[in-house]
Every structure is written in structure tokens, then in C-alpha cells.
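**Student:** Letter by letter, the sequence shown follows residues 328 to 624 in our numbering. Ideal Cβ placement from N, Cα and C applies to all residues, glycine included. None of these values were measured; they are calculated from a predicted model. For reference, the structure I am asking about is given below.
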Amino acid sequence: MKVRFWGVRGSVPTPGPRTVRYGGNTSCVEVIAGEASLVLDAGTGICELGRVLAARGGSVQTELLITHTHMDHIQGFPFFVPAFIPGNRIDVYGPKEFDKGLFDVFRLQMDYSFFPVRVSELAATVEFHDLSEDRFAVGPFRIAAQALNHPVLTLGYRIEAEGSTLVYAPDHEPYFDFMHGGETRGLSRQAIEETVRAQNDRIVEFLGRADLLVLDSQYTPQEYEKRHGWGHSSWSHSVDLALAAQVRHFVLFHHEPTRDDDGLERVLGEARARAAAAGSSMEISLAREGWTVEVGA
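Spelled out as C-alpha cells, the structure:
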């Protein structure tokens, strides 16, 4: 199984010379097993992927797994070239929002007020499938979907194929005491702490012993202090989580949009030092546009 990164940035695209080494497009990752492939998220990185797929000729039959419907994970879909070509088929999977299905969100994004082509006018066959926590198969890929901690219903995906395991969790913050030490509204402090511990333990189990973990690492520890509850992790949280889950190769992802390439490389050095100080030989890398990694190699 191979993984190719088409978009690695969080929150907002950041093109320009300061991000040229690692890339400024928002989240999009391609997973390949033999002749089969699937796509994770539809940030602006999916635009270039679409052009590459269309240029190969022949019909495109693809599955697109959306983690959640925040703009930086769906904003590239209206520019995904295969969706405009008759004979292509795209199956889109993702979590249902509280009062809207996945189709409703994509239809709203492509309302005529925002985009000149409506979802109903796309030439390809596009089907939308609402997901919750579940296990299912797509071609050779065995997939488990599990909720993450983010300010909208968000799923992470554990994907197994060809004897290897990838976990993709691009937007996640460690579970914490949601009462922030204040009024517990009848809940005991012990009950809250036990619930938080169980939620975090469940995430560790979901990531457990993955060959490749692609995980939200947006903030520095100092930045996180001012962004607690925003739904993203610091790189130090993510290193500790990867160590607890005993993953083989951890990839820092969803890069902070204000951080330049040199800043990302400083984060990488600090992350590697933290893992080494814990006595771990876990491989740690920065996600980079255009990078292809062999899972389990």
C-alpha cells in the first residue's frame, strides 16, 4: 500500500515561496493498493490530483472519504476535474452533520450563489453516502471509521490493505475536562476524569500499532495554550499519542498555515528529539506535497 500527499496544510491554503518545500494546499491524500485507490479529503490538494487522474485517460472510478465538512476538507471538490467528465463515477463517504446529510453540505457549497455549477449538473455520476462509526470495505481496502475530537462530527479512518495499516486522523485534539475545572453540573470530578481517560484510551486503541499514522500536529505547545478547545493538537501531544499507540511511522500533518518551511523543520527536529528522549526509534516525518510513502516498508 502506498500513500501520496496532495495537500498537507490546515485551515486555509498558503501558496507562496515561504511554503514551497512542503506545500500550501489543504488536506488531500491518495491511498493506492495495486490498481485500486481511494482519496482522503477534498481540500485544495484534490485539484491537482483531479488533473492527473483526468490526464491518464479512460474512465475514473474513485471513492472519496471525507473526515468532516469543514471548508479546508471539502473546498477543492468543485474543482475536481473527474466530476465534470461523463462516464466517471465518484462515491463520496463522510459523516452526516446534525441537521444535514453529506449531500446537503456539498450541495450548499456548490449553490449557484457560490459556484456556477450545481452538484446536480455534474457530468459524472456522483453518489453520497452518510457515515457514522462503522467498519466497511471498499475494493481491497478494509476501513474502520471512528469519531475524533473536533468541533463538528469528524471521523478518522483506519485503512488496511496488502498487509499494512494506515491511520488518517487529520483533525483531532486530546479529550479534556470539558468543564475546565469549574461547575460540574452534578457530575463528580472522578466521573469526568474517568470519561476523559476512556475517550483518550479509545483513540490510542484506534491508532494502535499502525504502520503509518497521519495525525494532526498543527500547533506548538505554546500556541496550543491559547487555542485549547479549537479541535487541533500540538506536535508534542501528537508525538506522545503516537508513542502510546506504538506506531511505526508517524507523519506530522495539517500544518499551521502561518508556519513557513523553516518553522516546520524546527518542529520536526523537536518532535524527533522528544521521541528519542522517550527511548523510541519511531520514524517521524513531515507531510509534504508530492511525497509518496510505502506503508510498512
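Looking only at its chain, what residues have a beta carbon closer than 8 Å to the beta carbon of G361, apart from the 5 residues adjacent to it on each side?
**Tutor:** P467 and E489, listed in sequence order.
**Student:** Using the beta-carbon count (16 or more within 10 Å), is V356 buried or exposed?
**Tutor:** By the neighbour-count rule (16 or more Cβ atoms within 10 Å), V356 is buried.
**Student:** Note down the Cα distance separating F577 from L542, rounded to an integer number of angstroms.
**Tutor:** Computed Cα separation, rounded: 7 Å.
**Student:** Could you tell me if F425 is buried or exposed, where buried requires 16 or more neighbouring beta carbons within 10 angstroms of its beta carbon?
**Tutor:** With fewer than 16 other Cβ atoms within 10 Å, it is exposed.
**Student:** Look up E550 in the DSSP assignment and say whether it is helix, strand or coil.
**Tutor:** Reduced to three states, the DSSP call for E550 is helix.
**Student:** With the cut-off set at 8 Å, would you say A363 and P409 are in Cβ contact?
**Tutor:** The answer is no: Cβ separation not under 8 Å.
**Student:** Quick check on the burial criterion: 16 or more other C-beta atoms within 10 angstroms. Buried or exposed for Y420?
**Tutor:** Y420 is buried by the Cβ-count criterion.
**Student:** Helix, strand or coil: which one does DSSP assign to D418?
**Tutor:** It is a strand residue.
**Student:** Indicate the three-state DSSP secondary structure (helix, strand or coil) for F442 in the structure shown.
**Tutor:** Looking at F442 - three-state DSSP - the assignment turns out to be coil, as it is neither helix nor strand.
**Student:** Straight-line CA distance for R485 to S607?
**Tutor:** Each residue's alpha carbon lies about 23 Å from the other.
**Student:** Quick check on DSSP: helix, strand or coil for R336?
**Tutor:** It is a strand residue.
**Student:** Touching or not, the segment 564-573 and the segment 597-614, by the rule of three or more beta carbon pairs under 8 Å?
**Tutor:** These segments touch.
**Student:** Does the beta-carbon of D438 have 16 or more other beta-carbons within 10 angstroms, so that it is buried, or is it exposed?
**Tutor:** Classification of D438: exposed, given that the 10 Å Cβ count is below 16.
**Student:** Evaluate P344 with the Cβ neighbour count: other Cβ atoms within 10 Å of its Cβ, from every protein chain shown; 16 or more gives buried, anything less gives exposed.
**Tutor:** Classification for P344: exposed.
**Student:** When DSSP labels each residue in this structure, what does R469 get in the three-state scheme?
**Tutor:** Reduced to three states, the DSSP call for R469 is strand.
**Student:** Would DSSP call S607 helix, strand or coil?
**Tutor:** Coil at S607, not helix or strand.
**Student:** Is G558 near D498, with beta carbons less than 8 Å apart?
**Tutor:** Yes.
**Student:** Check each candidate in S440, T547 and L380 and name the one with the smallest Cα separation from E592.
**Tutor:** Answer by Cα proximity: T547.
**Student:** Locate the alpha helix (DSSP H) running through L376, then write down its first and last residues.
**Tutor:** Where L376 is concerned, the enclosing alpha helix (DSSP H) stretches over G372 to A382.
**Student:** I believe L429 touches V494 by the beta-carbon criterion, under 8 Å. Please report the beta-carbon distance rounded to the nearest angstrom.
**Tutor:** The Cβ separation is near 22 Å, so there is no contact.
**Student:** Could you please give me the residues that DSSP links to R485 through a beta bridge?
**Tutor:** Bridge partners of R485: A471 and V494.
**Student:** Using alpha carbons as the reference points, say which of A369, I611, D431 and W333 lies closest to T394.
**Tutor:** With distances taken between Cα atoms, T394 lies closest to A369.
**Student:** Out of G414, F455 and P584, point me to the one whose CA is closest to L391's CA.
**Tutor:** Ranking the options by Cα distance to L391, first place goes to F455.
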